[in-house]
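Enquirer:
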Amino acid sequence: MIELKDLTFSYLKSDGSKVSETPQLNNVNLSIGAGEFVLVCGPTGSGKSTFLKALNGLAPSFTGGVITGELKINGVNYIGSEPHEFASLVGFVNQQPENAFVGDTVIDEIVYCAEQLGLPIDQIRTSVENISEILEISDLLERPLATLSGGQQQRVAIGSALVAGQKILLLDEPTSALDLDGAAEVLRILKKLSAEQAVTVLLAEHRISRVIAEVDSVLVVHGDGSVTKGAPATQFNDSRFAPPIIELGLKLGWKPLPVSVSDASLMWNKSNTSFEQKTFFEPKAEVLKIENLEVSFGAVQAIRPISFSLFGNQITALMGENGSGKTTLCWALQGSGTKTKGSVTSFKGDTAELGSNERLEVLTMVPQRAADLLFLPTLSAELEESDRFANVQSGSTAKLFRDLAGRIDTSIHPRDLSAGQQLSLVLAIQLVKQAKIVVLDEPTRGLDYSAKHALANQLNSIRSEDRSVLIATHDIEFVAMVSDRVLVLEQGSLIIDDSPLEVLGFGKPFASQLAEITQEPGLISLEQVKL
Amino acid sequence: MPAATRAVHLLSANKTNPLSWWLAGISLAVTASLTSNVFILIAICTGSLLTIRLCRDDSPWAQSIGFYIKLAAIVVALRVLFRIIFNLGTSTKDAFLLLPSIDLNLGFGNSLRLFGPVSQEAFSFALVDGFRLAAIILAIGMANSLANPRKLLKSTPGALYEIATAISIAINLAPQLIASLGRVRRARSLRGQSKGIKAMAGIVIPVLEDTIDQSMGLAASMSARGFGRKGNRTYLQTIGARLLAFVAICLIITGSALLLFSPQNQGFPLTLLVVGIITAALSVKLSSARATITRYRKEPWRLGDLVLLVAALILVSLAFSGVFAR
């Protein structure tokens, strides 16, 4: 189906000569069969996105750079072709479907590609019928796109990418913005497309623990230009991006490495491994008291009256489906978001009544769109400004950033960082501030596992300074690793406030993968497993 | 008021062709530019605002009206302020606002006089001028708030498709800019307030970057789905259409130039103009003849559109006939 021969892609410097470092993709040779379901992974910023975009001409057309070598689809070499020349062969779905929508209603969006390719109306009609049935969106066709859930939107985007009969589907982190159900829904559809419709699926993902059992092969973009492909269990000797299930196998020396929960379960039962009880930290002084907090937008009640407190020496996770009010709650706590009723009391008073610099002594926050906080022309300027503002020793932010994202040339523009690296930068800038409370909204999106470990260490040291951390996230594995307490929101109401064991344990509402594998009550994260 | 409710229902944004809202908005703007009657100008301002209020849906571009209101208010204020500051010779006799004048010696020519006595006539003239600009802004704002730019695309002929796409993305940009401005300002306060230029840069740069990123993302998504594909038009068709377009442009420019500069003989330039417009239509027709794009659903014309178009036509003819001129 797809054959790559000596495919090389490099970015150009502004003077028109090639970048002196190794190219993003260097002499890639591999082939992908029809109907193959391929997971594309690799460390943060390694070029997974670039690799996908190279397969339909978006790189270099929309990214700049040079591409050489051979890119054969069905035996025809398409190297150097424009994206629209790939349109009838390759469908592309990106991370945030709402930014890519051109239509208003589902049907408008789905037919767009077929219209552009000039297919006859009858053919479009049958194609829409087929594809909407496969994607289970037949009853949504007349709905405005804005009224759909994230998972539904992503399924519409997939429909739009396949409507002209494309047999190759590229997806760039399609589930990173979705909650657990939404992600599972998209994954199931992809599996169905590859198995029943013989669509070749290339899926780039960071949250791979729940994907890896479903795919036929794993393709790793290593970040040094090399790309390898093979059976799922063979590709994870680099633990920077190995998911917990593989890490468990590696830690206990299992051979062959299990990729599915049921295989891992069998091996666990045979291995008789013991584990430690999870230690949770005792909360200290109350740092934020939330009383009868209520948020409404017009007639919509986003947060129903809730009361709870945040304590020092405690990491609290805030979970819940998309649209349950997590982000709204974060902003209301921070003080600049909408607050209809109630109070959020800190040691300096209600956060809504503080000036923005005063607020920063109480609380620092990393919002979902972290890049909004970046505005200086170089990475080094951002790092220095951060040190200056936080009044910390020069180089502190840079060190923290290095811990999270690795060594990166500081003369580059922050916009040239990958999404995960930008997030790491903003995390570094915000965590270096000495605020009593740290609020993080989806802080693990686009981070590989090694960056997540680094972030966990950082949060642990913040906790040890008697500060308080609140993390709003869908990332169960991360919550299992760091949290001392879990809050769950449902439609704006606080429905659970409990120990992580009661929320993430086996048979509980958000069971972690390790809990599912081992089925041991009290075991939720890998750190507990003894050798 | 069932009649009024029915009218609103008929004209609501999602029931009308976006093209008719643009035609209505443009004709209001033309009317405003042709009149000095302050009552008519105010009527256009309030009429536009009321129409938006009643007919809009909850789409993002419908939220941009606040921006237009602010812009219109600023324009009126600036127009009056400029009249007061750059005050060119009013005698003190009929002065309405007695301000001391300042003479600036620029080192060449006459000295520049700022402020000084302002007559009521000059003041009201500036006010009317400001209201005229405000009316134009609000009329266009109405079209922009009510016409769904995405639907607009579907009503354009194939040959103009690429231009229409560029325009519709550009129109889409304004509400997007406003939305990301709000978001970035809020996010910016999380970094802490630096003073001076830096604070400004902290807002402007992320907003621009975000807007450009989003537009590029949209363009990439469109391109990946086949937008920009050159169809299977023959060489002759392409050349023919371009030639016709060139001739049409020449005829229209010559025609309008003659019409403006020699008003005594209007027959010949008018003929040129009409022939030019027909040639242009032919060129578009020829380019669209082998359209490479399928329209799965065409945007229909409904009763509401007819009402809007007739109203626009009446308004513009009245304006040209001079009924509104004082």
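So the protein lines, in turn, are chains A and B. Residue numbering for the first sequence follows the numbering used here, beginning at 1 and increasing consecutively. Residue numbering for the second sequence follows the numbering used here, beginning at 1001 and increasing consecutively. We put the CB at the ideal spot given by N, CA and C, even for glycine. It should be emphasised that the depicted structure is a prediction, and the values quoted were computed from it without experimental measurement.
Give the secondary structure of B:ASN1144 by DSSP, where H, G and I count as helix, E and B as strand, and everything else as coil.
Expert: DSSP places B:ASN1144 in the helix class (H, G or I) of the three-state scheme.
Enquirer: Tell me which same chain residues have a C-beta within less than 6 Å of the C-beta of A:GLN154, skipping the five on either side of it?
Expert: PRO97, PRO174, VAL186
Enquirer: List the residues of chain A that B:THR1292 touches, going by C-beta distances under 7 Å, in chain order.
Expert: GLY118
Enquirer: What does a CB cutoff of less than 6 Å around A:ASP345 pick up in its chain, not counting 5 residues either side in sequence?
Expert: Note that residue 345 of chain A is Thr in the sequence shown here, rather than Asp. Hits under 6 Å: LYS289.
Enquirer: Taking 8 Å as the CB-CB limit, is B:LYS1298 close to chain A?
Expert: no
Enquirer: With A:ASP135 as the anchor, note down where its beta strand (DSSP E) starts and where it stops.
Expert: Rather than Asp, the amino acid found at residue 135 of chain A in this sequence is Leu. Looking at the DSSP string, A:LEU135 is not in any beta strand (DSSP E), and its letter there is neither H nor E.
Enquirer: Identify the contact partners of A:ASP403 in chain B, using a Cβ-Cβ distance below 9 Å as the criterion.
Expert: Simply none; closest approach about 20 Å.
Enquirer: How far does the beta strand (DSSP E) with A:PHE389 in it extend, from its first residue to its last?
Expert: Element bounds for A:PHE389: not the beta strand (DSSP E) but the alpha helix (DSSP H), 379-390.
Enquirer: Quick one: residues in its chain with C-beta nearer than 8 Å to the C-beta of A:GLU36, no 5 flanking neighbours on either side, listed in chain order?
Expert: MET1, SER194, THR200, VAL201, ASP216, SER217
Enquirer: Report yes or no: do the stretch 415-434 of chain A and the stretch 277-285 of chain A share at least 3 C-beta pairs separated by less than 8 Å?
Expert: no
Enquirer: The beta strand (DSSP E) that contains A:LYS326, what's its start and end?
Expert: First-last for A:LYS326: 326-334, but that is the alpha helix (DSSP H), not the beta strand (DSSP E).
Enquirer: Give the single residue among A:VAL102, A:SER324, A:ALA451 whose Cα lies nearest to the Cα of A:VAL300.
Expert: A:SER324
Enquirer: Distance, Cα to Cα, A:TRP254 vs A:ARG210?
Expert: Distance between the alpha carbons of A:TRP254 and A:ARG210 is about 19 Å.
Enquirer: With three or more beta-carbon pairs closer than 8 Å as the criterion, would you say the stretch 1134-1147 of chain B touches the stretch 1063-1077 of chain B?
Expert: Contact between the stretch 1134-1147 of chain B and the stretch 1063-1077 of chain B is present, because at least three Cβ pairs lie under 8 Å.
Enquirer: By the DSSP assignment, the beta strand (DSSP E) with A:SER493 in it spans what residues?
Expert: 493-498
Enquirer: Can you pull the chain B residues whose beta carbon is under 9 Å from the beta carbon of A:ASN74, in chain order?
Expert: The CB of A:ASN74 never comes closer than 9 Å to any CB in chain B; the least such distance is about 18 Å.
Enquirer: Answer yes or no: does any C-beta atom of chain B fall closer than 8 Å to that of A:LEU58?
Expert: yes
Enquirer: Would the stretch 158-166 of chain A and the stretch 84-98 of chain A be scored as touching if the rule is three or more Cβ pairs under 8 Å?
Expert: yes
Enquirer: Quick one: Cα of A:ASN322 to Cα of A:LEU425, how far?
Expert: 25 Å
Enquirer: Please go through the stretch 175-205 of chain A and give each complete beta strand (DSSP E) segment of 3 or more residues, from N-terminal end onward.
Expert: 200-204
Enquirer: Could you check where the alpha helix (DSSP H) with A:ILE32 kicks off and where it finishes?
Expert: Segment 25-32 is the beta strand (DSSP E) holding A:ILE32; no alpha helix (DSSP H) there.
Enquirer: For the stretch 1234-1251 of chain B and the stretch 1292-1307 of chain B, state whether three or more C-beta atom pairs, one from each stretch, are separated by less than 8 Å.
Expert: no
Enquirer: Give the DSSP bridge partners of A:PRO144, in chain order.
Expert: Listed as beta-bridge partners of A:PRO144 by DSSP are A:THR105.
Enquirer: Taking the alpha-carbon positions, what's the B:CYS1072 to B:ALA1134 distance?
Expert: The question names Cys, but residue 1072 of chain B is Ala in the sequence shown. Cα-Cα distance, rounded: 4 Å.
Enquirer: Name the chain A residues that come within less than 7 Å of B:GLN1214, Cβ to Cβ?
Expert: ASN99
Enquirer: Look up A:GLY349 in the DSSP assignment and give the residues it is bridged to.
Expert: A:SER346
Enquirer: List the residues of chain A that B:LEU1286 touches, going by C-beta distances under 8 Å, in chain order.
Expert: Near B:LEU1286 there are no residues of chain A at all, since even the closest Cβ is about 17 Å away, more than 8 Å.
Enquirer: Less than 8 Å between CB atoms is the rule here; does A:HIS84 satisfy it with respect to chain B?
Expert: yes
Enquirer: Does the Cβ-Cβ distance between A:PHE401 and B:GLY1192 come in under 8 Å?
Expert: no
Enquirer: Which residues does DSSP list as the beta-bridge partners of A:ALA544?
Expert: With chain A represented from 1 up to 531, any question about residue 544 of chain A goes unanswered, as that position is not in the structure.
Enquirer: Provide the residue span of the alpha helix (DSSP H) that contains A:PHE9, from first to last.
Expert: Not the alpha helix (DSSP H): A:PHE9 falls in the beta strand (DSSP E), residues 2-10.
Enquirer: Any beta carbon of chain A sitting closer than 8 Å to that of B:GLU1162?
Expert: no
Enquirer: Quick check on the DSSP output: the alpha helix (DSSP H) that includes A:GLU97 runs from which residue to which?
Expert: First, the residue type needs correcting, since residue 97 of chain A is Pro and not Glu in the sequence shown. Start and end: 97-100.
Enquirer: Which value, in whole angstroms, describes the spacing of the CA atoms of A:LEU170 and A:THR327?
Expert: 29 Å
Enquirer: Quick one: which chain B residues come within Cβ less than 9 Å of A:PRO561?
Expert: Residue 561 of chain A falls outside the range modelled here, since chain A spans only 1 to 531, and no answer is possible.
Enquirer: If we call anything under 8 Å between Cβ atoms a contact, is A:GLN314 one with A:ARG485?
Expert: Against a cut-off of 8 Å, the Cβ pair of A:ARG485 and A:GLN314 comes out as a contact.
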